[in-house]
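Peer 1: Quick one: the structure is below, questions incoming.
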Amino acid sequence: MSFPDIRPRRLRRTPAIRRLVEENRLAPSELVLPLFLKEGLAEPKPIKSMPGVLQHTRDSLRKAAAEAVAAGVGGLMLFGVPEDANKDATGSAGLDPDGILNVGLRDLRAEVGDNTVIMSDLCLDEFTSHGHCGVLAADGSVDNDATLVIYADMAIAQVEAGAHMVGPSGMMDGQIGVVRKALDGAGHQDISILAYSAKYASAFFGPFRDAVESSLDGDRRQYQQDPANAREALREVELDVAEGADIVMVKPGLPYLDIISAIRDRVNVPVAAYQVSGEYAMVEAAAANGWIDRERAILESLTALKRAGSQITLTYWATEVAVLLRDRY
Ligand code: PBG
Numbered sequence: 001m002s003f004p005d006i007r008p009r010r011l012r013r014t015p016a017i018r019r020l021v022e023e024n025r026l027a028p029s030e031l032v033l034p035l036f037l038k039e040g041l042a043e044p045k046p047i048k049s050m051p052g053v054l055q056h057t058r059d060s061l062r063k064a065a066a067e068a069v070a071a072g073v074g075g076l077m078l079f080g081v082p083e084d085a086n087k088d089a090t091g092s093a094g095l096d097p098d099g100i101l102n103v104g105l106r107d108l109r110a111e112v113g114d115n116t117v118i119m120s121d122l123c124l125d126e127f128t129s130h131g132h133c134g135v136l137a138a139d140g141s142v143d144n145d146a147t148l149v150i151y152a153d154m155a156i157a158q159v160e161a162g163a164h165m166v167g168p169s170g171m172m173d174g175q176i177g178v179v180r181k182a183l184d185g186a187g188h189q190d191i192s193i194l195a196y197s198a199k200y201a202s203a204f205f206g207p208f209r210d211a212v213e214s215s216l217d218g219d220r221r222q223y224q225q226d227p228a229n230a231r232e233a234l235r236e237v238e239l240d241v242a243e244g245a246d247i248v249m250v251k252p253g254l255p256y257l258d259i260i261s262a263i264r265d266r267v268n269v270p271v272a273a274y275q276v277s278g279e280y281a282m283v284e285a286a287a288a289n290g291w292i293d294r295e296r297a298i299l300e301s302l303t304a305l306k307r308a309g310s311q312i313t314l315t316y317w318a319t320e321v322a323v324l325l326r327d328r329y
């Protein structure tokens with residue numbers, strides 16, 4: 001019988017030793033909380049497929065933001081949900097300074113100032129009557145370049161409403177370059193761009209579509225990426241960095257750890273990941289059934305994203321986890 005000379009278990013023996021050798025430790029400042037603001041709502045409204053997440057009123061949005069900032073979260077990503085009557089073919093409510101997303105950005109900025117990073121979803125899908133991320137051509141396809149013209153104005157409107165950072169999420173070719181030029185042209189050279197660079201046509205966005213009351217009938221496979229492809233994500237990221245992306249993001253998170261890791265190895269801008277609605281819903285549903293330890297599953301999933309290379313993670317658990325971490329270390 002030969003016994004081992006080298007024993008990795010020595011470093012797992014006590015909580016103190018494990019803490020000493022821990023390679024990745026989450027911090028509140030790297031977590032970003034996505035928030036939904038619904039137009040014309042009298043009371044905050046629970047989202048069925050995302051237990052614990054709300055469609056906010058203007059009032060409850062401000063409270064949720066203040067709470068997140070007090071917990072130390074790194075940023076807030078705002079989504080606006082207009083009333084159906086305010087959706088149209090070109091998503092014009094997204095550009096309107098009085099459209100629900102821009103109203104919310106002004107409220108957030110008034111509430112939290114520069115104490116966190118206010119980010120805006122720069123996409124038309126919540127505002128179009130057909131639910132696509134861009135405007136449609138005569139043949140019904142999404143018209144890339146006509147959409148870019150709108151994104152340019154939408155970016156300026158969001159920054160003028162109070163966003164510190166814009167998050168183009170529509171997967172149109174050239175969107176980062178166009179938004180950069182538009183912001184620069186309007187004197188907003190200092191506003192940064194969080195590019196949803198590698199965004200996949202994913203079933204894990206399902207609950208989000210409830211959250212924003214999406215009007216989409218069909219799918220987004222003509223612009224979001226095929227889940228089968230990895231190299232294509234690197235190409236998207238290289239283009240976005242060349243066009244001026246300040247941060248690049250992968251979305252969803254957990255099913256795409258290989259993509260996060262490959263991107264981390266190739267670029268020198270911060271890499272972010274979006275732990276999406278379906279990832280959230282799976283853990284919440286299993287926990288509600290007593291099938292999984294909720295808190296451990298949440299922390300493990302976020303740690304896995306970080307280990308893969310996500311330096312910034314968007315998660316619906318951001319405030320809760322920030323509080324947990326504060327109490328833990
Ligand atoms: C598009 C957008 C989507 C999500 C964030 N931004 C949905 C989509 O592309 O269909 C999904 C986020 C989530 O599932 O949590 N504006």
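Sequential numbering of the sequence shown, starting at 1, is according to full-length UniProt numbering. Don't be surprised by glycine CBs; every beta carbon is placed ideally from N, CA and C. Everything numeric in this text was worked out from a predicted model, so none of it was measured.
Per DSSP, what kind of secondary structure is L76 in: helix, strand or coil?
Peer 2: The sequence position of residue 76 within the sequence shown is 76, counting from 1. In this structure, L76 counts as strand in the three-state DSSP scheme.
Peer 1: For F208, is the beta carbon positioned less than 6 Å from some heavy atom of the ligand PBG?
Peer 2: If you number the sequence shown from 1, residue 208 lands on position 208. Yes; taking the cut-off as 6 Å, the Cβ of F208 has a heavy atom of the ligand PBG nearer than that.
Peer 1: Mind the definition here: the region 127–139 touches the region 92–109 only if three or more C-beta pairs lie below 8 Å; say whether that holds.
Peer 2: The answer is yes - the region 92–109 touches the region 127–139, with three or more Cβ pairs under 8 Å.
Peer 1: If you compare alpha carbons, which of E83, P51, A16 is closest to L37?
Peer 2: What you label residue 37 is simply residue 37 of the sequence shown in a count that begins at 1. Looking at the Cα atoms, E83 is the closest of the given residues.
Peer 1: CA-CA distance, M282 and K48?
Peer 2: Locating residue 282 in the sequence shown gives position 282, counting from the first residue. Locating residue 48 in the sequence shown gives position 48, counting from the first residue. Each residue's Cα considered, the two are about 13 Å apart.
Peer 1: State the DSSP-derived secondary structure class of L101, mapped to helix, strand or coil.
Peer 2: Walking along the sequence shown from the start, residue 101 turns up at place 101. Annotated three-state conformation of L101 is helix, per DSSP.
Peer 1: Between which two residues does the beta strand (DSSP E) holding K199 run?
Peer 2: For the purposes of this step, residue 199 is identified with residue 199 of the sequence shown, where counting begins at 1. It spans 192–199 - the beta strand (DSSP E) in which K199 sits, taken as one unbroken run.
Peer 1: Report the start-end ranges of each beta strand (DSSP E) in the region 104–168 that is 3 residues or longer and not cut off at the edges.
Peer 2: 117–122, 165–168
Peer 1: Counting pairs of Cβ atoms below 8 Å between the region 152–163 and the region 181–188, do you hit three or more?
Peer 2: yes
Peer 1: Is P34 helix, strand or coil when you go by DSSP?
Peer 2: Locating residue 34 in the sequence shown gives position 34, where the first residue counts as 1. Looking at P34 - three-state DSSP - the assignment turns out to be strand.
Peer 1: Look up D246 in the DSSP assignment and give the residues it is bridged to.
Peer 2: Position 246 of the sequence shown, counted from the start, is the residue given in the question as residue 246. DSSP output for D246 lists no bridge partner at all.
Peer 1: Taking the alpha carbon of L78 as the reference point, which residue from H164, R296, T90 has its own alpha carbon closest?
Peer 2: In the sequence shown, residue 78 corresponds to position 78, counting from 1. Among H164, R296, T90, the Cα nearest to that of L78 belongs to H164.
Peer 1: Please list the terminal residues of the continuous alpha helix (DSSP H) segment that includes T313.
Peer 2: Sequence index remark: in the sequence shown, residue 313 carries index 313 (1-based). Run containing T313: none in the alpha helix (DSSP H); it sits in the beta strand (DSSP E), 312–314.
Peer 1: From the DSSP secondary-structure annotation, give me the bridge partner or partners of A71.
Peer 2: Mapped onto the sequence shown, residue 71 falls at position 71. The partner list for A71 (beta bridge, DSSP) is empty, contrary to what the question assumes.
Peer 1: Which term fits L20, buried or exposed, when burial requires 16 or more other beta carbons within 10 angstroms of its beta carbon?
Peer 2: The residue you call residue 20 lines up with position 20 of the sequence shown. Classification of L20: exposed, given that the 10 Å Cβ count is below 16.
Peer 1: Considering just the uninterrupted stretch of the beta strand (DSSP E) at V271, what are its terminal residues?
Peer 2: Locating residue 271 in the sequence shown gives position 271, where the first residue counts as 1. Taken as a continuous stretch (DSSP letters only), the beta strand (DSSP E) holding V271 covers 271–274.
Peer 1: For G113, count neighbouring C-beta atoms within 10 Å of its own C-beta (all shown protein chains included) and say buried if the count is 16 or more, exposed if not.
Peer 2: The sequence position of residue 113 within the sequence shown is 113, counting from 1. Counting C-beta atoms within 10 angstroms of its own C-beta, G113 has fewer than 16 neighbours from the protein chains shown and is therefore classed as exposed.
Peer 1: Are G309 and S261 closer than 7 Å when you measure CB to CB?
Peer 2: The residue given as residue 309 occupies position 309 in the sequence shown. The residue given as residue 261 occupies position 261 in the sequence shown. With respect to S261, G309 sits close: the two C-beta atoms are nearer than 7 Å.
Peer 1: Tell me whether V283 sits in a helix, a strand or coil according to DSSP, three-state version.
Peer 2: Here the question's residue 283 lines up with position 283 in the sequence shown. Three-state result, V283: helix.
Peer 1: I'd like to confirm something about F36: is its beta-carbon nearer than 6 Å to some heavy atom of the ligand PBG, or not?
Peer 2: In the sequence shown, the residue the question calls residue 36 occupies position 36. Because no heavy atom of the ligand PBG lies under 6 Å away, the Cβ of F36 does not count as near it: no.
Peer 1: Given this structure, state the Cα-to-Cα distance separating N268 from Q311, to the nearest angstrom.
Peer 2: In the sequence shown, residue 268 corresponds to position 268, counting from 1. In the sequence shown, residue 311 corresponds to position 311, counting from 1. Roughly 12 Å separates the two Cα atoms.
Peer 1: Use the C-beta contact count for M249: other C-beta atoms within 10 angstroms, 16 or more gives buried, fewer gives exposed.
Peer 2: Walking along the sequence shown from the start, residue 249 turns up at place 249. Answer is buried; the Cβ neighbour count reaches 16.
Peer 1: Going by beta-carbon coordinates alone, are I118 and L194 separated by less than 7 Å?
Peer 2: For the purposes of this step, residue 118 is taken as residue 118 along the sequence shown, with counting starting at 1. For the purposes of this step, residue 194 is taken as residue 194 along the sequence shown, with counting starting at 1. Contact: no.
Peer 1: How many Å lie between T313 and T57 at the Cα?
Peer 2: Position 313 of the sequence shown, counted from the first residue, corresponds to residue 313. Position 57 of the sequence shown, counted from the first residue, corresponds to residue 57. If I take the Cα positions, the gap works out to 25 Å.
Peer 1: Hey, L33 and V81: beta-carbon distance below 7 Å or not?
Peer 2: For this step, residue 33 is matched to residue 33 along the sequence shown. For this step, residue 81 is matched to residue 81 along the sequence shown. Not a contact, by the Cβ cut-off of 7 Å.
Peer 1: Closest to E23 by C-alpha separation, out of L31, R12, T116, would be which residue?
Peer 2: Residue 23 sits at position 23 when you count from the first residue of the sequence shown. For the residues L31, R12, T116, the minimum Cα distance to E23 belongs to R12.
Peer 1: Is it the case that the CB of D217 approaches a heavy atom of the ligand PBG more closely than 6 Å?
Peer 2: Mapped onto the sequence shown, residue 217 falls at position 217. Checking the Cβ of D217 against the ligand PBG gives no.
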